[in-house]
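Engineer: Protein sequence lines correspond, in order, to chains F and W.
For reference, each letter of the first sequence is one residue, going 6 to 121 in our numbering.
For reference, each letter of the second sequence is one residue, going 1028 to 1137 in our numbering.
All C-beta atoms in this analysis are idealised placements derived from N, C-alpha and C, irrespective of residue type, glycine included.
Values in this document were obtained by computation on a predicted structure and should not be read as measured data.
Next up is a structure, given as structure tokens.
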Amino acid sequence: GAVVSQHPSRVICKSGTSVKIECRSLDFQATTMFWYRQFPKQSLMLMATSNEGSKATYEQGVEKDKFLINHASLTLSTLTVTSAHPEDSSFYICSASGALGTDTQYFGPGTRLTVL
Amino acid sequence: AQRVTQPEKLLSVFKGAPVELKCNYSYSGSPELFWYVQYSRQRLQLLLRHISRESIKGFTADLNKGETSFHLKKPFAQEEDSAMYYCALSDQAAGNKLTFGGGTRVLVKP
């Protein structure tokens, strides 16, 4: 149980385009979803926290207009990287909590974004 | 602000030897700490959390509030323990968001 999926697993796009990444909790209702960014050989950095039906809370230094987060249901959150640039290339990971009534975060497999 | 420090980027041990991964934290409240593991080409997964006080795959970790540490230990490392290990602290006052340490890569040699 407590499986989180992400789609796509990898995406390559041209500079200036927008990319949407989906995060789904497959077998539980996620009260909260989190979005992280991981650069090569570095740790995970939290970008934002989202609760179903409310606006996401962004960490300091993360542009909310650049990284649009929508949490429309208890099983789906999306991250849209708008007007992507090469410096946005990274590994994006989501997690979800709420399984079995706990706050444990369960992680998705990640999405590798490459912006040309 | 909370901070998690893992001073060792790489730990290399022989199979059967003990292994200890260090984790120190700074947090003004009552901390909730976790160890996550990431095996090669797999997602991050929870290894253990301090409140459960259980041993998973032979690993244990004790919260020492006096030393603000949560070191991970295993008495006899196995080759399948080779992975990336992250210590994380949950900020209960901020929706349980996690702050991760920099990670320690463990390599268990045969």
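So, helix, strand or coil for ASP1118 of chain W, using DSSP?
Structural biologist: One-based indexing of the second sequence puts residue 1118 of chain W at position 91. Residue state, collapsed to three classes: strand.
Engineer: In angstroms, rounded to a whole number, what distance separates the CA positions of MET52 of chain F and GLU1106 of chain W?
Structural biologist: Here the question's residue 52 of chain F lines up with position 47 in the first sequence. Here the question's residue 1106 of chain W lines up with position 79 in the second sequence. CA-CA distance, MET52 of chain F to GLU1106 of chain W, rounds to 34 Å.
Engineer: From the DSSP output, in three-state form, read off LYS1104 of chain W for me.
Structural biologist: Position 77 of the second sequence, counted from the start, is the residue given in the question as residue 1104 of chain W. For the sequence presented, residue 1104 of chain W should be read as Ala rather than Lys. ALA1104 of chain W: coil per DSSP, three-state reduction.
Engineer: Suppose you measure from the CA of TYR41 of chain F to the CA of ASP1108 of chain W; what does that come to, to the nearest Å?
Structural biologist: Stepping through the first sequence from its first residue, residue 41 of chain F is reached at position 36. Stepping through the second sequence from its first residue, residue 1108 of chain W is reached at position 81. Straight through space, the alpha carbons of ASP1108 of chain W and TYR41 of chain F are spaced by roughly 25 Å.
Engineer: Taking only beta-carbon positions, decide if PRO114 of chain F is within less than 8 Å of chain W.
Structural biologist: One-based indexing of the first sequence puts residue 114 of chain F at position 109. Judged by the 8 Å Cβ criterion, PRO114 of chain F is in contact with chain W.
Engineer: Hey, out of W:GLY1130, W:THR1131, W:ASP1118, W:VAL1133, whose CA is closest to SER1055 of chain W's CA?
Structural biologist: Along the second sequence, read from residue 1 onward, the residue named residue 1055 of chain W stands at position 28. Of W:GLY1130, W:THR1131, W:ASP1118, W:VAL1133, the residue nearest in Cα terms is W:ASP1118.
Engineer: Taking beta-carbon pairs under 8 Å, can you tell me which members of the segment 1073–1097 of chain W lie near chain F?
Structural biologist: LEU1073, ARG1076
Engineer: Would you kindly check if the distance between the Cβ of LEU1074 of chain W and the Cβ of THR1131 of chain W is under 8 Å?
Structural biologist: For this step, residue 1131 of chain W is matched to residue 104 along the second sequence. For this step, residue 1074 of chain W is matched to residue 47 along the second sequence. Their beta carbons are not under 8 Å apart, which means THR1131 of chain W does not touch LEU1074 of chain W by this criterion.
Engineer: Would GLN110 of chain F pass as an interface residue toward chain W - the criterion being a Cβ-Cβ separation below 8 Å?
Structural biologist: Start at 1 with the first residue of the first sequence, and residue 110 of chain F comes out as number 105. Chain W contact via Cβ: present.
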